[in-house]
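In what follows, a structure is listed as structure tokens, so that the remarks can point back to it.
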Amino acid sequence: MKILAFAVALFLAAPALAHEVTVGDLEIIHPHIPQPAASAKAAGGFMAIVNNGAEADRLIGVESDIAAKAEVHESKVDANGVGTMEHVDAIEIPPGETVNLEHGGYHIMFMGLTGPLMEGELHKATLIFERAGRVEVEFQIDPPAGMGEMDHSKMDHGASGG
Ligand SMILES: [Cu+2]
579 MKILAFAVAL
589 FLAAPALAHE
599 VTVGDLEIIH
609 PHIPQPAASA
619 KAAGGFMAIV
629 NNGAEADRLI
639 GVESDIAAKA
649 EVHESKVDAN
659 GVGTMEHVDA
669 IEIPPGETVN
679 LEHGGYHIMF
689 MGLTGPLMEG
699 ELHKATLIFE
709 RAGRVEVEFQ
719 IDPPAGMGEM
729 DHSKMDHGAS
739 GG
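Taking the working numbering, the leading residue of the sequence shown gets 579, the next gets one more, and so forth.
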């Protein structure tokens, strides 16, 4: 019994660290947004999408209350080494593969943020796939990206909350 209780406790604790949603053949792993600066008008959303099926799917849109508009973007570095990003119509999720939405590549762009996003929060959003349809997920607000040594003092403020 003790071992079982321990296993259950582990299972319950896991989603706080890396949550995921499974719909049909798709697994959406840890949708998250690095906490943007308080003055930010936009924020990037990231996750991994696993396609366990035999047919490709495509992420074609995102809806969320946290921003006036959410788009699928791809970051690129041009021939001059300058980073740019552009709106893409879809992200292809090939069968049997994992597509990572990450810094420097595909991401969700939340534009016109409707309010502050604070570390530890969960915000609902809907991912729209061509085959899987509408998939409800929650984006977790993670620590700010690229946080340097200088910022560590801020981590004392309610960092254990939740
Ligand atoms: Cu973008």
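For every residue, glycine included, the Cβ atom is placed at its ideal position computed from N, Cα and C. As the structure is a computational prediction, the values presented were derived from the model and not from experiment.
Would you mind working out which of the options sits nearest residue i, comparing C-alpha positions?
| i | options | result |
| --- | --- | --- |
| Thr676 | Asp667, Asp635, Pro612 | Asp635 |
| Gly623 | Thr600, Ser642, Lys654 | Ser642 |
| Glu699 | Asp720, Arg709, Met663, Ala648 | Asp720 |
| Lys654 | Gln718, Pro612, Leu679 | Leu679 |
| Lys702 | Arg709, Tyr684, Ala648, Glu670 | Ala648 |
Quick one: using the 10 Å Cβ neighbour count with 16 as the cut-off for buried, is residue i buried or exposed?
| i | result |
| --- | --- |
| Met687 | buried |
| Asn629 | buried |
| Val650 | buried |
| Glu665 | According to the sequence shown, residue 665 is His rather than Glu. So His665 counts as exposed. |
| Val660 | exposed |
| Ala657 | exposed |
| Ala618 | exposed |
| Ala596 | exposed |
Is the CB-CB distance between residue i and residue j below 8 angstroms?
| i | j | result |
| --- | --- | --- |
| Val713 | Phe707 | yes |
| Thr704 | Val640 | yes |
Please return the same chain residues whose Cβ sits closer than 6 angstroms to the Cβ of residue i, not counting the five positions on each side in sequence.
| i | result |
| --- | --- |
| Glu633 | Pro673 |
| Pro609 | Met625, Val715, Phe717 |
| Gly682 | Ser653 |
| Val599 | Ile606, Val715 |
| Ala710 | Val601, Gly602, Leu604, Asp635 |
| Tyr684 | Glu652, Ile669 |
By Cβ distance, which residues of its chain are closer than 7 angstroms to residue i, with the 5 residues on each side in sequence left out?
| i | result |
| --- | --- |
| Ala645 | Phe688, Met689, Gly690, Leu691, Thr692 |
| Asp603 | Asn629, Asn630, Gly631 |
| Ala621 | Ile611, Pro614, Phe688, Leu691, Leu695 |
Indicate whether at least one CB of chain D lies closer than 8 angstroms to the CB of residue i.
| i | result |
| --- | --- |
| His681 | Here chain D cannot be found, since the structure has a single protein chain. |
Enumerate in chain order the residues of its own chain whose CB-to-CB distance from residue i is below 8 angstroms, with the five nearest sequence positions on each side excluded.
| i | result |
| --- | --- |
| Pro722 | Pro612, Gln613, Pro614, Ala615, Glu697, Asp729 |
| Pro694 | Ala616 |
What does the shell around ligand 1 hold, if a residue joins when its beta-carbon is under 5 angstroms from any heavy atom?
His651, Met663, Met687
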